[in-house]
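These notes are about the structure you will find just below.
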Amino acid sequence: MLSSRIRHAKGSPAAKAWGILRDLRIQDFPINPRQIAAELGIVVWERELPETCDGWLMQVGSAYGILINARIRSEARRNFTIAHEIGHYLLERDTVRSCSLDERLNVLVAAQECDTEEGRLQKQAYLLSEQRANRFAVELLMPSPIFLADLCSLQQFGLPAITKLASQYGTSLTSTAIHYTRLSDLICAIVFSEAGVIRYFAYSNGFRKNENCYLVSGQRLHPEALASQFSHGSRVSDIMDDVPLNYWCQPKNLRLNEATDYSIIEHSRRIPRTNQVITFLHLP
Ligand SMILES: [Zn+2]
Numbered sequence: 005m006l007s008s009r010i011r012h013a014k015g016s017p018a019a020k021a022w023g024i025l026r027d028l029r030i031q032d033f034p035i036n037p038r039q040i041a042a043e044l045g046i047v048v049w050e051r052e053l054p055e056t057c058d059g060w061l062m063q064v065g066s067a068y069g070i071l072i073n074a075r076i077r078s079e080a081r082r083n084f085t086i087a088h089e090i091g092h093y094l095l096e097r098d099t100v101r102s103c104s105l106d107e108r109l110n111v112l113v114a115a116q117e118c119d120t121e122e123g124r125l126q127k128q129a130y131l132l133s134e135q136r137a138n139r140f141a142v143e144l145l146m147p148s149p150i151f152l153a154d155l156c157s158l159q160q161f162g163l164p165a166i167t168k169l170a171s172q173y174g175t176s177l178t179s180t181a182i183h184y185t186r187l188s189d190l191i192c193a194i195v196f197s198e199a200g201v202i203r204y205f206a207y208s209n210g211f212r213k214n215e216n217c218y219l220v221s222g223q224r225l226h227p228e229a230l231a232s233q234f235s236h237g238s239r240v241s242d243i244m245d246d247v248p249l250n251y252w253c254q255p256k257n258l259r260l261n262e263a264t265d266y267s268i269i270e271h272s273r274r275i276p277r278t279n280q281v282i283t284f285l286h287l288p
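Structure below.
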């Protein structure tokens, strides 16, 4: 069962992350990425950076350092940032020359402003490199084989299970929820909304394959969805109930009146720190 849900090619970010844990004989959780950086000879500094920047991998001659934004208050997010930058170091240092903060910002701004083929390719390469470093960070902090075994052994599922795993792995609720949902064998999705609008989401294989389950990023929340109740200053911060499927999904093969006959379990919780609402959707 485990192997069918976890497949990673040799040289992939996941394989690199598991390889470094194996080489350094790290088996205890939560994983301490600062210790891994130290073992790799990478110095970690903190400095106040722009809000949009969590961290950078810096190179001075043959030495590497990680700069993280001192404004980040969450320890889980700091750890994720360090793990992400270690990912850039291990995945790209042989092929891409690291450069200074100013150089990297200039390249990114130029790529975003420049509507040329070269600009688009640069932006594409940047986004791919970010995705790979994120993938590495997830697998370094929550290696799928171990995480999945823990997930399967829990009596709970959904937000209670995600909260428990986040505390066990020292990871943020967001990254844990996304990893949990992608590995889950339930028909489920995790949705993050803000100011009444769906910002981003992740779903399980079962959800992706179900023709009636279809989420749209940027869409306004249905006014009757439980998650909508938090936008109106309600003091309740955690609600779970059955709601009609069309409150969340845009069923492709059902007319609107048919869709209201189908229901989905919605568990929504407000995250006060980020002002977001996290919603676990589960089709039993
Ligand atoms: Zn990055």
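Quick note: the sequence shown uses the working numbering, first residue 5, plus one each step. We put the beta carbon where it would ideally sit given N, CA and C, even for glycine.
Task: Test item: CB-CB of T185 and M146 under 8 Å - done: The sequence position of residue 185 within the sequence shown is 181, counting from 1. The sequence position of residue 146 within the sequence shown is 142, counting from 1. No. Outside cutoff.
- [ ] Please write down, chain order preserved, every residue whose beta carbon lies under 5 Å from a heavy atom of ligand 1.
- [x] E134, A137
Task: Same chain, Cβ closer than 8 Å to D154, five either side skipped, listed in chain order - done: Residue numbering aside, residue 154 sits at position 150 when the sequence shown is read from its first letter. Closer than 8 Å at the Cβ level, and outside the excluded window around D154, lie L169, Q172.
- [ ] State yes or no: is the C-beta of A18 within less than 8 Å of the C-beta of S148?
- [x] As a working note, residue 18 is residue 14 in the sequence shown. As a working note, residue 148 is residue 144 in the sequence shown. Yes, the pair counts as a contact, with Cβ atoms nearer than the cut-off.
Open item on the list: Comparing C-alpha positions only, which one of G222, L44, R136, I202 sits nearest to A231?
Closed with: Residue mapping note: residue 231 aligns to position 227 of the sequence shown, counting from 1. Of the candidates G222, L44, R136, I202, the one whose C-alpha sits nearest the C-alpha of A231 is I202.
- [ ] Enumerate in chain order the residues of its own chain whose CB-to-CB distance from Q280 is below 6 Å, with the five nearest sequence positions on each side excluded.
- [x] Start at 1 with the first residue of the sequence shown, and residue 280 comes out as number 276. Only F196, E198 meet the Cβ criterion.
Task: Where the alpha helix (DSSP H) containing E55 begins and where it ends - done: Position 51 of the sequence shown, counting from 1, holds the residue named residue 55. Taken as a continuous stretch (DSSP letters only), E55 belongs to no alpha helix (DSSP H), as it is neither H nor E.
Task: Three-pair Cβ contact test at 8 Å for the segment 70-77 versus the segment 119-134 - done: no
TODO: Please go through the same chain and pick out, in chain order, the residues whose beta-carbon is closer than 7 Å to the beta-carbon of S267, but skip the five residues on each side of it.
DONE: Walking along the sequence shown from the start, residue 267 turns up at place 263. Exclusion of the five residues before and after S267 leaves D246, V247, P248, L249 as the residues of its chain whose Cβ lies within less than 7 Å of its Cβ.
Task: Alpha-carbon spacing of L105 relative to G59, whole angstroms - done: Looking up residue 105 in the sequence shown gives position 101. Looking up residue 59 in the sequence shown gives position 55. No answer about L105 holds up, because its pLDDT of 47 lies below 50 and its placement is not dependable.
TODO: Taking E228 as part of the beta strand (DSSP E), name the residues at either end of that continuous run.
DONE: For the purposes of this step, residue 228 is taken as the residue at position 224 of the sequence shown. Here E228 belongs to no beta strand (DSSP E), and DSSP marks it neither H nor E.
- [ ] Using beta-carbon positions only, say whether C192 and Y218 come within less than 8 Å of one another.
- [x] The residue labelled residue 192 in the question sits at position 188 within the sequence shown. The residue labelled residue 218 in the question sits at position 214 within the sequence shown. Going by C-beta atoms, C192 is not nearer than 8 Å to Y218.
TODO: Confirm, please, whether the CB-CB distance from L95 to A137 is below 8 Å.
DONE: Position 133 of the sequence shown holds residue 137. Position 91 of the sequence shown holds residue 95. A contact, by the Cβ cut-off of 8 Å.
Open item on the list: Let's see if you can read the secondary structure: which residues bound the beta strand (DSSP E) around V48?
Closed with: In the sequence shown, the residue the question calls residue 48 occupies position 44. From DSSP, the beta strand (DSSP E) with V48 extends over 47-51.
Task: Beta-carbon proximity list for I243, same chain, < 6 Å, skipping 5 on both sides - done: For this step, residue 243 is matched to residue 239 along the sequence shown. Only L230, S272 meet the Cβ criterion.
TODO: Determine the DSSP secondary structure at I275, reduced to helix, strand or coil.
DONE: To locate residue 275, count along the sequence shown from 1; it is residue 271. The answer is strand: DSSP assigns I275 an E or B state.
TODO: Determine the contact status of I30 and Y93, defining contact as a CB-CB distance below 8 Å.
DONE: Translated into the one-based positions of the sequence shown, residue 30 becomes position 26. Translated into the one-based positions of the sequence shown, residue 93 becomes position 89. For I30 and Y93, no; Cβs fall outside 8 Å.
- [ ] Return yes when the Cβ of R274 is within less than 8 Å of the Cβ of S221, no when it is not.
- [x] Here residue 221 refers to the residue found at position 217 when the sequence shown is read from its first residue. Here residue 274 refers to the residue found at position 270 when the sequence shown is read from its first residue. Not closer than 8 Å, so no.
Open item on the list: Please list the terminal residues of the continuous alpha helix (DSSP H) segment that includes G210.
Closed with: To locate residue 210, count along the sequence shown from 1; it is residue 206. Per DSSP, G210 belongs to the alpha helix (DSSP H) from 209-213.
Open item on the list: At the level of alpha carbons, what is the spacing between G200 and I282?
Closed with: As a first step, residue 200 is located in the sequence shown; it is residue number 196 there, counting from the start. As a first step, residue 282 is located in the sequence shown; it is residue number 278 there, counting from the start. Computed Cα separation, rounded: 12 Å.
TODO: Can you grab the Cα-Cα spacing for the pair V291 / D265, in whole Å?
DONE: In the structure as shown, the chain begins at 5 and stops at 288. Residue 291 is therefore absent and cannot be evaluated.
Open item on the list: In whole angstroms, give me the CA-to-CA distance for E270 and K14.
Closed with: The count along the sequence shown starts at 1 and reaches residue 270 at position 266. The count along the sequence shown starts at 1 and reaches residue 14 at position 10. Roughly 38 Å separates the two Cα atoms.
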